Each structure stands twice: as C-alpha cells, then as structure tokens.
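Enquirer:
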Amino acid sequence: MVVNLKDILKRVGFPILFFTFVWILFQSQGNVWVGYGSISVMVLAGILLERLIPFEDQWNRKDSDLKSDFVFFLIQPALAPLTGNTITLITIGLMSLFGIESPNLGKTSLLFQVILGMSLSGFIPYWLHRIAHIGGGFFWRAHAIHHSPKKLYWMNAFRSHPINTVWNTAGLLLPSVILGLQTEAVMIVGLLNNFVSIFNHMNIDFRLGILNRIFNMSELHRWHHSRIPSEGNRNFSSGALSVWDQIFGSYFLPDRKIDSLSVGLFEPRTYPSGSLIKQFLFPICKCS
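What the sequence shown shows, in the UniProt record's numbering, is residues 1 to 288, in sequence order.
1. Please list, in chain order, all residues of the same chain as His-133 whose beta carbon is under 8 Å from its beta carbon, the five residues on each side excluded.
2. Please report the distance separating the alpha-carbon of Met-1 from that of Ile-8.
3. Looking at Pro-229 and the ligand HEM, is the gap between the Cβ and the nearest heavy atom below 6 Å?
4. Decide yes or no for the touch test of the segment 155-174 against the segment 63-76: beta carbon pairs closer than 8 Å, at least 3 of them.
5. Between Ile-53 and Lys-6, which are expected to be in contact by the criterion C-beta below 8 Å, what is the C-beta distance as a whole number of angstroms?
6. Would you identify the three-state DSSP class for Ser-237, choosing helix, strand or coil?
7. Thinking C-beta only, is Ser-176 closer than 7 Å to Gly-117?
8. Just grab the DSSP bridge partners of Phe-215 for me.
9. I'd like to confirm the pairing. Which residues does DSSP put opposite Ser-226 in its beta bridges?
10. May I have the straight-line CA-CA distance separating Thr-20 from Ile-284, to the nearest angstrom?
11. Where does Thr-108 sit, in a helix, a strand or coil, going by DSSP?
12. When the Cα atoms are used, what is the spatial distance from Ser-262 to Arg-256?
13. Three-state secondary structure (DSSP) at His-221?
14. Leaving out five residues before and five after Lys-10 in sequence, what residues of the same chain have Cβ atoms less than 7 Å from its Cβ?
15. So Val-114 and Ile-188 are in contact, right, with Cβ under 8 Å, and what is the actual spacing, rounded?
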C-alpha cells in the first residue's frame, strides 16, 4: 500500500502543529519571546502548507487585495497587544474602584487556568460577532472589511477594522482578567486563540473530522465567509474553540465542499472595495 504524505498531512497536520505549540507554551511559561517566536515559525509552516496541500489552488494566486492585506498585517500585531494592555489596566482599575474582588483563580494549576480561559474567552466575541452579522448597522460596517476578500488565505486573519480589533481583543481578554488568571495563563490563552484564528483562514486542506466539534478551524470558518447569508451567518466563534456555536445553535458543517466562488460579502455593491481609506471610514460615514 502506497502511503500518501499529503493525505497524512491533511489528517494530522493541524493536531501536530497545535499540540506542539501547546507544549512549547507550557514549557516556556510566560516567555514572550518564545511565545511569539514560536507562533511566527508555525505561521511560516502554514504558509508552506498552503502551497503543498491547498484547499483551493486559485486562492494562492496574487490579487488586488495584497497591498491592503499588508497594511492590516502591519496594524494588527501592534494594535491588539496595545488594546489588551489597556483593557487589563482599565478592568483592574474599575474592579478596585467599585470594590469588586476577583475569584483569584491564578492560584490554581496553569492547565486548569488555560482550559477555563480558552472556554470562556470566546463568549463575548461570539455575541459581538453574531450581532454584527444579524443586527447590521455600525457593527456590521466595522466588521464587513474582514469579509470583503473573495478568497481565504493566511493574511485574511489580520484583515480587521481597528474598531473590530478593539472590541474582539477586549472581549477575548475580559474573562481572564476578571477571574484573576495569572499572566502566564492569559498569554497562553491569547496565543492559542491567535494561532487558531490565523490557521482557520489559511488555504490548507486540513481535515479535522471529530475535532471540528472542539476546534474552530477552517472547515467550519470557510462557511462563515460565504456570501450566501444562510451559510455565512453561521459559525460565529472567534476564539480557538467551537463550543459557543454548538451551545447557541449556529454550528454549521455540511457534508460538501464550499464553492470557492461563493466567498465574499453578502452585498458587495454597497461596500467601498476600491478604496482602503473609505473602508476605514465606512463604519462612520457609510462611504461608498
């Protein structure tokens, strides 16, 4: 029997990368350089896998979004940590001001803190994400920029309006800060959420099988980027886990392959896709 390396990578590639990253984070316990250095190496491995086992060959071709993608790639890695630090200081300050005591779960085991943080971190972003899609208005206009590309690859993960980045980062972080998780646990939770958020946009034909019930990976998230509302208004989980979609009935994984031409905005004609400046202003002025 001939062993096909590509088929093996499709089945075990994600678990190997993810749990290797988990092991590195627990071994380094709070070392920022090791954490961000490791995720950078993992992303480079993912970029190579986009070429080796692509989900859709045509998504690997360059297009007009590349320049704007690079702008977001420069903005997001700086804005998210800044937001995280600001939200942490504000939350701790407000809790102190109003005499709210944290449960101080930072005294429990690191593994327990990470599991708890991973489980709860996606709750607020899930609802903000769902409101943006279903409610429309300001929230959708701030989120629409993420759905404007007509393909999915690794740089889509960074394509987020700064307003969207602020509320998403704040929502992911708040439960860990309020519960008093230790800094090492908060960093691990954040990096694991970032890892999955990058990889679930990658053009890699990973096939997770039953693990789709745990991880919010690309087989689920591609459907969320469909321009067909009945498909795109599903799978709202923003963290690493798909648990909130299952609890609130928005989990969607049909037994078929998404049409590569169906990715994009629900109503592209109302969106200023030709101007990056207008896209940044879109939530405020509805520029078109």
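In this text, a Cβ means the ideal position worked out from N, Cα and C, and glycines have one as well. As the structure is a prediction and not an experimental result, all values here were calculated from the model.
Expert: In terms of the structure at hand:
1. Excluding positions up to five away in sequence, the list reads Trp-140, His-143, Gly-232, Asn-233 and Phe-236.
2. Confidence in Met-1 is poor, its pLDDT being 44 and thus under 50, which makes the residue's placement too unreliable to answer from.
3. Of ligands this structure carries none, so the ligand HEM is not represented either.
4. The segment 155-174 makes contact with the segment 63-76: 3 or more CB pairs, one atom from each, lie closer than 8 Å.
5. Contact between Ile-53 and Lys-6 holds: their C-beta atoms lie close to 5 Å from each other, under 8 Å.
6. Collapsing the DSSP output to three states places Ser-237 in coil.
7. Gly-117 places its beta carbon less than 7 Å from that of Ser-176.
8. When DSSP reads this structure, Phe-215 sits in a beta bridge with Leu-241.
9. Note: Ser-226 sits in a beta bridge opposite Val-263.
10. In a straight line, the C-alpha of Thr-20 is about 42 Å away from that of Ile-284.
11. In the structure shown, Thr-108 sits in coil (DSSP, three-state: anything other than H, G, I, E or B).
12. Each residue's Cα considered, the two are about 14 Å apart.
13. In the displayed model, His-221 falls within a helix according to three-state DSSP.
14. Excluding its 5 nearest sequence neighbours in each direction, Lys-10 has C-beta neighbours in its own chain below 7 Å: Ile-53, Asp-205, Phe-206 and Arg-207, listed in chain order.
15. With a beta-carbon spacing of about 5 Å, Val-114 and Ile-188 fall inside the 8 Å limit used to define contacts.
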